[in-house]
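In the order they appear, the protein sequences are chains X, A, E, B and V. Going by our numbering, the first sequence wraps up at 495, each residue one higher than the last. Going by our numbering, the second sequence wraps up at 461, each residue one higher than the last. Going by our numbering, the third sequence wraps up at 1187, each residue one higher than the last. Going by our numbering, the fourth sequence wraps up at 1139, each residue one higher than the last. Going by our numbering, the fifth sequence wraps up at 381, each residue one higher than the last. By construction, the Cβ of each residue, glycine as well, lies at the ideal position given by its N, Cα and C atoms.
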Amino acid sequence: KTLKLAMDADPESLDPHVQLSGGMLQYSHMVFDPLVRFTKEGGFEPRLAEKWEVIDPLTTRFYLRKGVKFHSGSAFTAKDVAWTLDRLKKSDDFKGLFEPFTVAVAVDDHTVDLKTSKPYALVLAMATYLFPMDSAYYTGTDDQGKPKDAIVKTDHSFANKNASGTGPFKLIKREHGVVLELDRFADYWDKASKGNVSKIIFTPIPENAARVAALLSGGVDWIQPVPPQDYPRLEKEKNIQLVTMPGTRIITFQLNQKRKPELANPKVRLAIDYAIDSVTMVDKLLKGAATPAGQQGPEGMAGFDPTLTPRQDLEKAKALMKEAGYEKGFEATMICTNNRYVNDEKICEATVGMLAKIGIKVALTTYPKAQYWDNFDAQIADIQLIGWHPDTEDSANYSEYLLMCPNKETGYGQYNSGNYCNKALDELLMQAAVETDLAKRSELLRKVERIAYEDGAYVPLHWQNLSWAAKKGVHLEPIVNIMDFPYFGDLVID
Amino acid sequence: MSTALVSIRNVVKHFDISGGLLEQLRFSGGRPTLKRTVVHALNNVSLDVRQGETLAVVGESGCGKSTLARAVVCLHQPNSGEIRYRDQRIDHLPPAKLLPFRTRLQMIFQDPYASLNPRMPVQRILEEPLRFHHPNLNAAQVAERVAAVMEQVGVRASWAKQYPHEFSGGQRQRISIARALIVDPECIVADEPISALDVSIQAQILNLMMDLQESHNLTYLFISHDLNVVRRIATRVAVMYLGSLCELATARQLFETPRHPYTQALLSAIPTLGRGRRKRIRLTGELSTPINLPRGCVFHPRCPYAYEPCRLEVPSPLTQPDGAVVACHALRDGRI
Amino acid sequence: MPAAWGRFADSHLMYSFRRDTVAKASLGILLVLLVSSFACPWIAPTNPYDPASLDLMMAQTPPAWMEGGAPDQLPAFVLGADDQGRDLLSTMLYGMRVSLVIGLGAVLVQAVLGIAIGLTAGYLGNRVEILLMRLADVQLSFSTLLVAIFIGAMFRTAFGVASYERLAVPILICIIGLAEWPQYARTVRASVLAEKKKEYVEAARVVGLPTWRIMLRHILPNTLSPVLVISTVQVANAMMTEAGLSFLGFGMPVTQPSLGSLINAGFEYLLSGSWWITIFPGSLLVVLILSINLLGDFCRDVMNPRLYKGM
Amino acid sequence: MHAMTTPSPAAPLLEVKNLEVSFPTKTKTLVAVRDVSFTLHRGERLGLVGESGAGKSITGFSILKLISRPGRISGGSILFEGRDLAPLSEQEMRPLRGDRISMIFQDPMMTLNPVLTIGTQMVETLQAHRRLSRREAQDIAIETLRAVRIPSPEKRMAQYPHQFSGGMRQRIVIAIALLTRPSLIIADEPTTALDVTIQAEILDLLLELAEHEGMGLLLITHDLAVVSQVTDRVAVMYAGRIVEIGPTEQVVHAPQHPYTQGLLAALPQTHAGEPGTGRLAQIHGIMPSLYNTPTGCAFHPRCPVRIHACSEDAPALRPCGQTGVLAACHLVE
Amino acid sequence: MIAFLIRRILQACIVMGVISLIGFSLRHTIGDPVREMYGMSVSAEVKAEARERLGLNDPIYIQYFRFLKNAVQGDLGNSLFYQKPALEVILSKAPATLELVFSSALLITVLSVPCGIYSAIHPRRLLSRMILGVSTVGVSVPVFFTALMCISLFSITLGWLPSFGRGELTPLFGGAWETGLLTWSGISHLIMPSFALTSIMLPLFIRLVRAEMMEVLQMDYVKYARAKGLSERRIYWVHAFRNTLLPVITVGGVQLGILIAFTILTETVFNWKGLGGMFKEAVDRGDTSLLVAYMVVVGALFVVVNTLVDVIYGLVNPMVRVVGRK
Ligand SMILES: Nc1ncnc2c1ncn2[C@@H]1O[C@H](COP(=O)(O)OP(=O)(O)OP(=O)(O)O)[C@@H](O)[C@H]1O
Ligand SMILES: Nc1ncnc2c1ncn2[C@@H]1O[C@H](COP(=O)(O)OP(=O)(O)OP(=O)(O)O)[C@@H](O)[C@H]1O
Ligand SMILES: [Mg+2]
Ligand SMILES: [Mg+2]
C-alpha cells in the first residue's frame, strides 16, 4: 500500500549525520534503524540491539541482532556500529551529543561495547540516535574522487545523495525539497512488524494551509504537523483522524536582566509571569494544541514537579509591580519569530496585550527565523522568545542551554539570553550530569525546576503539542510518539 | 557687409542618431565595428541676414531649414562654423552669457497648437519672458506691457486669463508672435509661421507680420516652403537643398531669373491659378536622404544638367555679377 | 480659484464623470471609506492598537447576529472579534487607515522619485537617460517583494527593535516606494519625451529660461495627467503589495495590523469556521481597492486610454 | 451586385442631393454638412475646396458611407450610377468600396498600413472584389505600379511602406485606387502632405490617369491653385455648405460669392506683380465653429458686403447669369 | 542580428553584474545560513568555524570578487541547503516556474486578445462592460486570496482539482526538463495556479489590448482598409490587430518579468516546486548563495524575455527589424 505523506519540510540530507534536526531523525527512522528506540511510553525497545547490559560504569554492552541486512545487501555487524559511532563523533552536529562517548569496541560480529569517559546516565537514550550505517557501502571514494564517508553540509557528497541502512524503507528517488520516494525493503529483518506500507511518497509542503488543504482534498494521506486552528475543521471531517500529543518543546520568554535593570528585580519577573495567562493563550490561540507549562520539562521527564503549575493572577501581578516600585510600569522591547513555532507571532502579540495590563508597554518586532537567531544572540531586545526541545529527550538539557550562567568556554547557557545566573542552580546541574542513579538525578533536577520557578528565571508558556492527521484507515495512533518520530515501518493501512 | 545683423558662417550641423555604444555595434566581415548614423542636416551654410530685411529660406521638407533657424537662436550648437550677431560670436556662449542676445533674437514656431504651453494662461505665457529678462519690473508695468503687446498683435487683452486651447489657430499664432515681441527683439526667426493655417488666416498673419516689421523695425529670418508666400514677403530668398545652400538672391532676381537648376525646378512646380502653366521641369532620379548624402553636389542625382564635376566636388557658392550667390558647377562653367 | 474650479467643473473629465454611474458610485464608496478610516479614533468602538484593550477571552467571537456572538456588548463586536480578541470592526477601520496611509505614502514616494528620475532622464537624454533607464530595468527585474525583503531587513537593523514598531509605517512606505518607482519613471519619461518635442519647450529655451525651470515649470505640469492616472492604480498596487508582504511575514507589526495583515492573520481560521476574521477585512480591502481601481480606470478611459504601467 | 441597375449613359455618375451629415454629441447635434448637392458626370473632374473644417472630407467620406461614429447621414440622397447609397447597409456598401469607387487619402504616411507589404495591401484589395488567384492579382498589381511609374515594381511589392518616400507612397495609394478600374475616385487632399516638386508630379499623374481611364474624379483640397489646374468644375464649401459651384475657369476668374472672392484675393500669388510689396487682402475673423453657426448666411459676420437679409435667412444656391455658376448669396442676381 | 544579440548579451551582463552586486552587498541582511544548517544545540565554535570555512567572514568585497571570478566560469556558488551548485538547483526548478508562467502567459494571451478586441470594437455593449468590470474585480483581489479561495472551492469542497504540487511529470530532453504538460494529472495540477497567476495580469492586458485596438481603429489606415472594401474580419485581424500587437508586445515583455516575480506568492500557496517557492524557502533559510543566484538568473531571464520580445517586435514591425526598440 502506498502512503502519501506531507510534512512541513523534508530531510536536509540523506546522510543522517549531516544535521541534527527533527526531520533528519524522522527520516532516519524510515531508512535506518537505531540500536534501540523509545516506546510510546518512554521506555526503550530493542531494535538492532537485541539486548544490552552495563558491564562497568563506563561500558555498556549491546548484543546485536543476527541476520540483519543493509539495503545494499551486505550484512550488519558490530563493525558497522563502531564505524558509525566514529563517524558521529566527526559530525559537527552530533559530536556534542556524543561527547561523553569515547569509542565503540566490536567484541565480535554481533557484540559491541560502548564506552564513555565518565559515568553517564543517558547511554541508552543516546543509543536511540545511533543508526548504524553500512560501513562497507560508505567506504572508498565516489566517482568524483571524494571519500564516500565525508560529512558535507553544503556541497556534494556521496552520503548526501545515497543511503544504505537497515531500515524498513529503501530509497528510490529523492529530489531535494520536492519529493522523497521510499519502497519497502524486501529483506527487512523485522518480520514481526505488521507494517504493510509498501511505498512512501513524501512531499514537503511548508505552507500550513496548503498542507491541510492537501489532506482535505485527498492529495495526501498523512500530514504533520497540523496547524491548531484547523483542528476543529479536521475533527469535524468524518474521513479524517487527528491525533495530538503533548510534546517536549517548551516555549518560553527570557527576560534580559542585563539589558533591562527592571527585569533584574525578581518581583518584576514574577509579576510578568503572573500577568501572562498561558492557559487562555493555549486555549484561544492554540486551540488547546499545547499544554500550559510552569516548568521546563513536561510530565514524564526526569525532574517533573507536579506542584509547579502555571501562574496566572492579574491582581497579584499588579501588586508585585507596585511592590517593586513600578506601579506605573515601564517600556520594554520584545522580539519573536514569526515562522518558527506554532503561532509564535500570535502568542507574542497576545503577550504584549497582557503585559500592557500591568503597565509594561512592549514594543514587539517579529522576524522570520532566518533572521531571528542572530538578533537573539545579539540580545537586541529585553524580552526574547525561545522554544527548546532537548535533543537528548532529557530535562537537564533544557537548563544547560537556557538557564545556566552563560559561559563561552563550556558552552553552557548558550541560549540564555535572559542572563539569569544562579550558582546554586548551576551546581545542581553539574551534579546531575554525573549522577547515574536515575531517582537521585531526578530529585536534583526537580530542585532546579523549583529554583527557577521561584526566581521567575524565565516565563514558561507551554509545551507545544505534536499533531498528526491522516485519512481514516491509516492506523496512525500506534506509531506516533512524543518524540515525533512516527515509526512508519509499523504503519498499517486498511 | 557691415549691415549684417546675423551672420551665419560655414555652419555645419550633424545629428548623431546612432544611440549608445552598444547600439552602434555592427559586424562587418566578422569583425566588430562601431558604426555611427549621422544626419547631415546642415553642410557648410553661409548667409547674412541684413538689418531690416526679410530673408526667406525655402526648400523642401527635411532640407535643414528648421535646423538653420534653431542654430541661429542657439537652440542647436553647430558642429562647426559660427553664428555672429552684430559681429559678436554667439554660438558657443554659455547660457548665462547668451541672455542679452535672447531679448534681441526671438523665434516664432510653426505649429500653433504645440508652441504654447497648454497649462499656462495667456497672461503667464506672455509674462514669463518679460519677468525673466526684466526682473525689476513691477506687476503693473508687466501687466501694462502685456496688454500693449496683445493689442499690437490683435488679441483682446480681456482674453489674458484664457488658456491656449480656447483659441483658434490664428489667434494662437498671434499669441506666439506676442510672446516673441514682448522682450522687444530686433530680429525674429520665424519657422514656417503660417504653414499650418488656412489661406484666409495666413493672409491675416502675414499682414500682421509685415505691419510689425514696419512699426518695430524688425528683421525677419523667414522660413517657409511656400514660394508664393515668400514671393510676397521676402526681400531676399535663400534656397536650400539637403542641407546646402543652392542660391541666394533678392526676391525679384530669384523669381524672375532663377539660376540654380533646383531653383528652376522648384519655381516651375508651384501651382498657379488657372490652366495656363509654365512648362514644368521634370526631376528624375532618386531622392537622397541627409543620412546618406551623395558625394559632390547634393543635387546632382536629380539634376538635369549634372556632369562629371558635380559627382566629385561640392560646388562653392559664387557671387554672380548682380550680387546673387549660386552654388552650381554648371553655371560656373557656363553650361547653363 | 473659483474660475479654476469652474473650468474643472466644465471639463470633459467632470462631464464624463457626471454621466458615469460606476465612477460616481466608486467615488462615493471611496469617500465613505476614506472618511471613516481617518475618523477611526472617534467612530471606532475600541482602540485595537492599544494592547491593553486586547482581551483574549473574546478571541474569535462571531459577529453579533450569529450564535455565540456578543450582542450585549454592542457597538463593540458587531462584526465579531479577531483571533486576539480585538473588536473586528475597529481593527478593520484602523487597519484600513494604515493600509491607506501606506498606499498613499508609498505612492507619494514612488511618484517623487519616479517623476524626478523620469523627468531628468527624459529631458536630459543621452547618457543620463540610458543610465537611469537601465537602473529602472534592473529594478523592475527584481520583484517588489525581493526589494522589500532586503530593504526591510536593512531598516530593521538600522533602527533597532524599540523604534521599529513606531517606524513600521514610514519604513513600509519607503520600501514600497523604493520598489516601484520605475513605473512612474517610465511613464513620466515617455510623456516627457513627447512633450520635449513640442515647440513650447523650445520657445521657453529661446526665452533663455534655465533648464531646471523649463523642466519644472513647463514640462512637469504637462506630464501630470498620466501620473495622476497611474497613481490610482499604484495606490491599489501598493496596498496589495503591503498585503503580500504581510503574507510573507515582512509587513506591519502584528500589534498594528493593516488590512492586509489582518487578512493573513485570519486566513488560518478560514477552514476552521471563523470565516469572519478574514472575510470581513478581505471584502473591505477588495472593495477599497476595487473602488480605487474603478476610479483609476475611469480616469484612464477619459484622459488617456493608452496609459499602462511600464510603458 | 444583383441590385445594380445598369447605368444609363445619360444619368450622371454621381448625384448628391441635399446631403446632410450630423454628429450627435454630448450636448447637441452638430451638423457638419448641410444641404449639399452636386453632380459629377462620367469622366468629369470636380474640385471641392474650402477651409479646414468646412466639411469637405465629411462630404467625401459620406459618399462611401465611411463617416466615423457617431456621425451619420441624416438627410438627402447619394445617387451613384443611379442608385441611392444613403440607405445601404455596411454589407451592401462593401462591394462598392474600392471597386466602383476608390478613395485616396490625404496623408500617404498614415494611409498605408505600416506592418503589411505593399504587395499584400494591393493583392488584398483585388481579392476582395475579384475572384483572382494570388498570382494573377500580383500581376495586375505590378502592372498598375508600373503605370504609376514606380521603378522595378516586382521588387517593390515585397517592401513595406516605410521603405518608400512620401511621393512614392502616394503613387502607391493611387495605384491601389486604380487597381479595380473604378468609375469614381475620391481624392481627399492627395498632395497636401507633399513637397511642391512632388506635388506637381502627383497632380500630373492623377490628371493623366483620370483622363486616360475616363474616370470621374472628386478632388478635395483647400488649395484653389491645385483645383484650378486639375478640375473641370469646382465647388467651394464654407461651414458645411456649398457656397459656390461652377466651371473652374469661371469660379477662379470671376468669383461670385464674397467668400470665394475673399479667398482668391487672400492668395499670395494673386497680385503676382511686385514681390515684397503691399499687404494681402484679407478676410477678417475666422470660420464659425459648427457648434454655433450664425443664423442666416454662415459667412455674414465676415462678409464685407453683407446686407440685412444675410443674418436672417440662409441663401440657396442660385444660378448667376449664363456662366453656369451657382452661388449661395443674397447679393447674386 | 549577431550584433544585436551581442549587444543584448553585453547588456544582460551589465544588468546581472549590477544585480549581483546589490544582492551581494545586501545578503547579510537576509539572514545567517549557518544558523539553519546546524541544530540548535551545536556549539557556537563549531558554527563560527563553519562560517570561516564558507568564507562568510571575509569582507564583502573579497566575497564578491570571489563570486564574480566563479560566476565568469559559470559557477554561481553552492546552495548551502541543496548541497549542490545554485545554478543546478535553479535549473532544476526553472521548468516548473516556466511552465507555470508560460501557461499563464498563454492563458492571458488567449483570453485578453479576444476580450480586448471585442470590447474595443463594441465599447458600449453590455458584454464589454462586463468583461472590463469582472477583470477589474479580478485585479483587486490579492493573489493569495484568490488562490486560497480556489483551493477551498475546487479542491476541498468540490474535489475537482488537486490542491498542491505538479502531479505526474514526464521527463524530456533526457530528464533535463520534467514537464507536466503531457499528462492529464500534470495539466489538472496546473489549472489553478496558472489561473491565480493569470488573474492579476489579465485585466491589465485586456485593457491594454482594448485601448490600443481602439486607438488603432481610429487610424487612417483602418479607415482606408474599409474604403478598399475589405471584410470586417480582415480589417480587425490583419490590419488593426497586427498594429495593436506592437505596444502589447512591448508592455507584455515587461509584465512577463513581473509575472515571474508574482510566482513567489502563487507557488507558495500551491506548493508548486518552482523558482518562486524556492525563493521563499531560500529566504526562510537564509540560503544567500541561492538567493543571489536566483536574482542573477531572474535578471538574465528578464533580459532574455526582453530580447525575445524585441525579436518578435521586429518580426511584427517591419520598421524595426532588429535594430532595437525605441
Ligand atoms: N534633433 C534632431 N535629431 C536628429 N535629426 C534631426 C534633428 N532635427 C532635425 N533632424 C534631421 O535633420 C534634417 C533637417 O531637418 P529640419 O527640421 O531642419 O528640416 P526642415 O527643412 O525644417 O523640414 P520641414 O520642412 O519638414 O520642417 C532632417 O532630416 C531631420 O530628420
Ligand atoms: N468624428 C467627428 N465627431 C465630431 N465632429 C466631427 C467629426 N469629424 C468631423 N467633425 C466635424 O466636422 C466638420 C467638418 O470636418 P471635415 O473633416 O469634413 O473638414 P475638412 O473640410 O475636411 O477640413 P480639413 O481641411 O481640416 O480636412 C469639422 O468642423 C469637424 O469638427
Ligand atoms: Mg521645419
Ligand atoms: Mg479634410
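Subject >> Cβ of S971 of chain B within 8 Å of any chain A Cβ >> reply: It does: the Cβ of S971 of chain B has a partner Cβ on chain A nearer than 8 Å.
**OP:** Using 7 Å as the cut-off, classify the Cβ of T1099 of chain B as near or not near the heavy atoms of ligand 2, replying yes or no.
**Re:** No; taking the cut-off as 7 Å, the Cβ of T1099 of chain B has no heavy atom of ligand 2 nearer than that.
Original post:
Under a CB-based cut-off of 8 Å, is A987 of chain E close to chain A?
Top reply: Not an interface residue.
Subject >> Reduced DSSP secondary structure (H/G/I, E/B, other) of H312 of chain A >> reply: The residue asked about is misnamed: residue 312 of chain A is Cys in this sequence, not His. It is a strand residue.
Subject >> Identity of the residues DSSP links to H165 of chain A by a beta bridge >> reply: Beta-bridge partners assigned by DSSP to H165 of chain A: A:H139.
Original post:
In three-state DSSP terms, what is N824 of chain B?
Top reply: N824 of chain B falls in the strand class under three-state DSSP.
Original post:
If you measure from the CB of F424 of chain A, is any heavy atom of ligand 1 nearer than 7 Å?
Top reply: Here the distance from the Cβ of F424 of chain A to the nearest heavy atom of ligand 1 is not below 7 Å.
Subject >> Within-8 Å CB hit, V198 of chain A to chain E >> reply: Judged by the 8 Å Cβ criterion, V198 of chain A is in contact with chain E.
Original post:
Quick one: any contact between the region 383-390 of chain X and the region 298-311 of chain X, if contact means 3 or more CB pairs under 8 Å?
Top reply: Contact between the region 383-390 of chain X and the region 298-311 of chain X is absent: fewer than three C-beta pairs spanning the two stretches fall below 8 Å.
**OP:** Establish whether the CB of E13 of chain X and some CB of chain V are separated by less than 8 Å.
**Re:** Contacts with chain V at 8 Å (Cβ-Cβ) include E13 of chain X.
**OP:** Flag this pair as touching only if the region 1118-1132 of chain E and the region 346-357 of chain X have three or more C-beta atom pairs under 8 Å; answer yes or no.
**Re:** With a cut-off of 8 Å, the region 346-357 of chain X and the region 1118-1132 of chain E count as touching, because enough Cβ pairs lie within range.
Original post:
What residues from the region 848-864 of chain B come within 8 Å of chain A, judged by C-beta to C-beta, listed N to C?
Top reply: Within the region 848-864 of chain B, those residues whose Cβ lies closer than 8 Å to any Cβ of chain A are, in chain order, E857, S858.
Subject >> Beta-carbon neighbours of N1098 of chain E, restricted to chain A and to distances below 9 Å >> reply: Residues of chain A with a Cβ closer than 9 Å to the Cβ of N1098 of chain E are, in chain order, N242, P243, R244.
**OP:** Pull out every residue of the region 173-194 of chain V whose Cβ sits closer than 7 Å to any Cβ of chain B, in chain order.
**Re:** Using a CB distance below 7 Å, no part of the region 173-194 of chain V faces chain B.
Subject >> Unbroken stretches of the alpha helix (DSSP H), 4 residues or longer, contained in the region 852-940 of chain B >> reply: Fully enclosed alpha helix (DSSP H) runs of 4 or longer: 862-869, 896-899, 914-917, 924-935.
**OP:** Go through the residues and name those whose CB comes closer than 6 Å to any heavy atom of ligand 2, in chain order.
**Re:** Taken from the N-terminal end onward, the list reads B:F829, B:L836, B:A838, B:G856, B:S858, B:G859, B:A860, B:G861, B:K862, B:S863, B:I864, B:S874, B:G877, B:H1028, B:L1096.
Original post:
Under the criterion of a Cβ to heavy atom distance below 7 Å, does V198 of chain A qualify as lining ligand 1?
Top reply: Remark: the shortest separation between the CB of V198 of chain A and any heavy atom of ligand 1 does not fall under 7 Å.
Subject >> Distance between beta carbons of A376 of chain A and A359 of chain A, contact taken as under 8 Å >> reply: So it is a contact: roughly 5 Å between Cβ atoms.
**OP:** Let me know the secondary structure DSSP gives C1135 of chain B once reduced to three states.
**Re:** Coil, per DSSP.
Subject >> S191 of chain A Cβ short of 7 Å to ligand 6 heavy atom set >> reply: Within the structure as shown, ligand 6 is missing, the only ligands being ligand 1, ligand 2, ligand 3 and ligand 4.
Original post:
What residue from A:D316, A:Q266, A:A166, A:P219 has the CA that sits closest to I307 of chain A's CA?
Top reply: The shortest C-alpha separation from I307 of chain A is found at A:Q266.
Original post:
Out of curiosity, what's the CA-to-CA distance linking E1071 of chain E and G981 of chain E?
Top reply: Straight-line measurement puts the Cα of G981 of chain E at about 28 Å from the Cα of E1071 of chain E.
Original post:
Does the beta carbon of K1185 of chain E sit closer than 8 Å to a beta carbon anywhere in chain X?
Top reply: Because K1185 of chain E carries a pLDDT of 40, less than 50, the predicted location of this residue cannot be relied on, and no value is offered for it.
**OP:** Using only alpha-carbon positions, find the residue among X:G248, X:Q255, X:S218 that is nearest to N240 of chain X.
**Re:** The shortest Cα separation from N240 of chain X among X:G248, X:Q255, X:S218 belongs to X:S218.
Original post:
Hey, is the region 207-225 of chain X in contact with the region 461-476 of chain X, meaning 3+ C-beta pairs nearer than 8 Å?
Top reply: With a cut-off of 8 Å, the region 461-476 of chain X and the region 207-225 of chain X count as touching, because enough Cβ pairs lie within range.
Original post:
How close, in whole Å, do the beta carbons of I359 of chain X and A458 of chain X come, if the pair is a contact with beta carbons under 8 Å?
Top reply: About 19 Å separates the beta carbons of I359 of chain X and A458 of chain X, which is beyond the 8 Å limit, so they are not a contact pair.
**OP:** Using a Cβ cut-off of 8 Å (strictly closer), state whether M365 of chain A contacts chain D.
**Re:** Looking for chain D here will not work: the only protein chains present are X, A, E, B and V.
Original post:
Closest by CA to P254 of chain A, which one among A:Q231, A:D236, A:A282?
Top reply: The shortest C-alpha separation from P254 of chain A is found at A:Q231.
**OP:** Kindly give me the distance between the Cβ atoms of G304 of chain X and L446 of chain X, rounded to whole angstroms, as I take these residues to be in contact under 8 Å.
**Re:** Contact between G304 of chain X and L446 of chain X holds, since their C-beta atoms are separated by about 3 Å, short of 8 Å.
Original post:
Quick one: Cα of L386 of chain X to Cα of N482 of chain X, how far?
Top reply: Whole-angstrom Cα-Cα distance: 26 Å.
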